[in-house]
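So this note's numbering is basically just the index in the sequence shown, starting at one, shifted up by 92. Idealized CB from N, CA, C, for every residue including glycine. In what follows, a structure is listed as structure tokens, so that the remarks can point back to it.
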Amino acid sequence: MLKKNRLLIRADSSEVIGSGHIMRCIAIAQSWIFTGGEVTFCCKVISQKLRKRLITEGFNVYMISESDIEIGSVQDGKCLRLLSEELNADTVIIDGYHFGEEFQKELSKRESTFIVLDDFVHSSFYYADIVINRSLKALDYDYSNKLPKTQLLLGPEYTFLRREFKKYSDLKKKISENPRNIMVTFGGADPQNATSLVVDALNVIKELRLNIKILIGSDNPHLNTIKQKSVCSHHEIEIIKDQKDVSVVMNWADMAITAGGTTMNELLFMGVPSISIKTAPNQRALPLYDEVYNATWYVGEISNMSNYILSNYTLKLLKNRKARRLMSDNGMKLIKYREFRDIVKI
Numbered sequence: 093m094l095k096k097n098r099l100l101i102r103a104d105s106s107e108v109i110g111s112g113h114i115m116r117c118i119a120i121a122q123s124w125i126f127t128g129g130e131v132t133f134c135c136k137v138i139s140q141k142l143r144k145r146l147i148t149e150g151f152n153v154y155m156i157s158e159s160d161i162e163i164g165s166v167q168d169g170k171c172l173r174l175l176s177e178e179l180n181a182d183t184v185i186i187d188g189y190h191f192g193e194e195f196q197k198e199l200s201k202r203e204s205t206f207i208v209l210d211d212f213v214h215s216s217f218y219y220a221d222i223v224i225n226r227s228l229k230a231l232d233y234d235y236s237n238k239l240p241k242t243q244l245l246l247g248p249e250y251t252f253l254r255r256e257f258k259k260y261s262d263l264k265k266k267i268s269e270n271p272r273n274i275m276v277t278f279g280g281a282d283p284q285n286a287t288s289l290v291v292d293a294l295n296v297i298k299e300l301r302l303n304i305k306i307l308i309g310s311d312n313p314h315l316n317t318i319k320q321k322s323v324c325s326h327h328e329i330e331i332i333k334d335q336k337d338v339s340v341v342m343n344w345a346d347m348a349i350t351a352g353g354t355t356m357n358e359l360l361f362m363g364v365p366s367i368s369i370k371t372a373p374n375q376r377a378l379p380l381y382d383e384v385y386n387a388t389w390y391v392g393e394i395s396n397m398s399n400y401i402l403s404n405y406t407l408k409l410l411k412n413r414k415a416r417r418l419m420s421d422n423g424m425k426l427i428k429y430r431e432f433r434d435i436v437k438i
């Protein structure tokens with residue numbers, strides 16, 4: 093168990109950044125609060141809905157108000173260092189691809205435990221005490237660009253989940269004989285509007301009437317387009333904005349269509365069969381979930397996607413109960429329920 097009690101987290105969300113960094117930090121913050129600690133989020137940009145959620149969860153939120161401070165700059169690092177001193181934070185965690193070498197160097201001037209959440213060795217050098225990368229490809233990356241003291245926690249065994257998933261720890265997913273329930277989610281922002289592409293593809297399917305739940309966040313700028321396509325659909329489509337407990341929808345779903353990242357790990361834990369599409373460079377591990385672990389059907393990059401490809405794969409998966417059972421079981425073997433404090437020992 094961690095002995096230290098004051099945690100400061102630096103992360104942001106926006107249409108460009110997405111909400112994934114904040115969402116996985118919520119898992120850390122929940123675990124910290126649960127064992128009696130205090131948590132402060134420091135953000136430069138964040139949606140009002142997500143900021144409200146942080147406050148509702150019992151976390152403090154500090155906004156960087158200076159307009160001349162760029163995300164990831166040395167000034168940003170200095171601001172975070174001074175805030176950590178003011179709060180007397182025992183541990184500081186940063187999550188975001190903008191927080192590179194110079195930012196980390198500035199932050200490391202203060203003697204507190206310093207943790208970086210990473211996905212693909214985005215920094216040219218690491219000054220952290222601990223670097224966590226939960227990707228399947230993490231062990232293949234070169235992390236020699238670090239301090240000798242830096243501890244590396246690499247691989248899916250270091251996946252931590254939000255507390256909403258704990259109630260499903262002993263779940264064995266039911267695999268329907270007649271699946272009709274499809275969950276569609278591409279994170280809080282979905283800058284490439286993959287959701288609309290999926291709706292178009294599902295509308296090609298005429299032989300089945302599907303129940304579709306689309307999860308989007310406040311940072312998604314395509315809501316009106318998605319609504320228009322959904323209204324014209326012969327399927328039953330519900331658009332859910334800012335769903336707090338996504339585990340409920342995952343438990344309902346017979347399958348999901350999604351991208352990589354935190355949501356993929358959550359779907360694997362829940363045993364939800366899925367079709368996955370690469371929508372960002374940091375999702376480079378997606379093919380491994382398919383080729384090595386048979387835990388999803390990876391159908392390629394968003395730029396190469398078509399209605400025909402996606403609708404065809406969706407029908408095939410819906411009709412193949414054996415494949416869905418295998419995919420579900422493999423996902424649950426790969427990702428187990430663990431909280432941040434179960435993983436990181438300081």
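Item to complete: Give me the Cα-Cα distance between N152 and S420, rounded to the nearest whole angstrom.
Response: As a working note, residue 152 is residue 60 in the sequence shown. As a working note, residue 420 is residue 328 in the sequence shown. One C-alpha to the other measures close to 37 Å.
Discussion item. Please report the distance separating the alpha-carbon of L175 from that of T132.
Written reply: Your numbering for residue 175 matches position 83 in the sequence shown. Your numbering for residue 132 matches position 40 in the sequence shown. Whole-angstrom Cα-Cα distance: 10 Å.
Worksheet item: If we call anything under 8 Å between Cβ atoms a contact, is G279 one with G247?
Response: Within the sequence shown, residue 279 is the residue found at index 187, counting from 1. Within the sequence shown, residue 247 is the residue found at index 155, counting from 1. Against a cut-off of 8 Å, the Cβ pair of G247 and G279 comes out as no contact.
Worksheet item: With C-beta atoms as the reference, is F432 less than 8 Å away from S200?
Response: Numbered from 1 along the sequence shown, position 340 holds the residue referred to as residue 432. Numbered from 1 along the sequence shown, position 108 holds the residue referred to as residue 200. Contact flag unset, no.
Worksheet item: For the segment 113-159, which segments carrying the alpha helix (DSSP H) assignment without a break, of at least 4 residues, lie completely within its bounds, in sequence order?
Response: 140-148
Discussion item. Distance check for Y385 and D311, CA to CA, integer angstroms please.
Written reply: As a position in the sequence shown, residue 311 is number 219, starting the count at 1. As a position in the sequence shown, residue 385 is number 293, starting the count at 1. Distance between the alpha carbons of D311 and Y385: 32 Å.
Item to complete: Quick one: grab the DSSP three-state call for Q243.
Response: Against the sequence shown, residue 243 aligns to sequence position 151. Strand.
Worksheet item: At which residues does the alpha helix (DSSP H) containing T317 begin and terminate?
Response: On the sequence shown, residue 317 is found 225 positions in, with the first residue counted as 1. Here the alpha helix (DSSP H) through T317 covers 315-323.
Discussion item. Comparing C-alpha positions only, which one of K238, D234, T205 sits nearest to E194?
Written reply: For this step, residue 194 is matched to residue 102 along the sequence shown. When each option's Cα is compared against that of E194, the closest is K238.
Worksheet item: For the candidate residues I101, E149, F206, N396, whose alpha-carbon lies nearest to that of F126?
Response: On the sequence shown, residue 126 is found 34 positions in, with the first residue counted as 1. Selected option, being the one with the closest Cα: E149.
Worksheet item: L99 bridges to which residues according to DSSP?
Response: Position 7 of the sequence shown, counting from 1, holds the residue named residue 99. Paired residue(s): V131, T183.
Practice prompt. Pull up the distance between the alpha-carbon of V297 and that of K141, whole angstroms please.
Written response: Here residue 297 is taken as the residue at index 205 of the sequence shown, counted from 1. Here residue 141 is taken as the residue at index 49 of the sequence shown, counted from 1. Per the sequence shown, residue 297 should be read as Ile rather than Val. About 34 Å.
Worksheet entry | Simplified DSSP state of K414, which is helix, strand or coil | As a first step, residue 414 is located in the sequence shown; it is residue number 322 there, counting from the start. Note: K414 maps to helix in three-state DSSP.
Worksheet entry | Best match in N396, K333, K197 for proximity to L315 [C-alpha to C-alpha] | Mapped onto the sequence shown, residue 315 falls at position 223. Cα-wise, what sits closest to L315 is K333.
Worksheet item: Quick one: what's T60 bridged to in DSSP?
Response: No information on residue 60 is available, as it lies outside the stretch 93 to 438 that the chain covers here.
Fill in: Helix, strand or coil at V341 according to DSSP, with G and I counted as helix
Counting from 1 along the sequence shown, the entry for residue 341 is found at position 249. Three-state DSSP puts V341 in a helix.
Worksheet item: Can you list, in chain order, the stretches of the beta strand (DSSP E) that have 3 or more residues and sit fully within the segment 325-402?
Response: 328-333, 347-350, 366-370, 389-393
Discussion item. Suppose the cutoff is 6 Å on Cβ atoms and the five residues either side in sequence are ignored; what does the same chain contact list for F191 look like?
Written reply: Here residue 191 refers to the residue found at position 99 of the sequence shown. G164.
Worksheet item: From what residue to what residue does the beta strand (DSSP E) around N303 run?
Response: By one-based count along the sequence shown, residue 303 stands at place 211. It spans 303-308 - the beta strand (DSSP E) in which N303 sits, taken as one unbroken run.
Item to complete: Label N180 either buried or exposed according to how many other C-beta atoms from any shown protein chain fall within 10 Å of its C-beta, with 16 as the threshold for buried.
Response: Walking along the sequence shown from the start, residue 180 turns up at place 88. Exposed.
Discussion item. Counting beta carbon pairs with one atom in the segment 361-381 and one in the segment 215-225, are three or more of them shorter than 8 Å?
Written reply: no
Worksheet entry | Among A220, H214, A372, the one whose alpha carbon lies nearest that of D481 | The requested residue 481 does not occur in the structure, where the chain is confined to residues 93 to 438.
Worksheet item: What are the partner residues of Y218, as DSSP defines its beta bridges?
Response: One-based indexing of the sequence shown puts residue 218 at position 126. Answer is K238, bridged to Y218.
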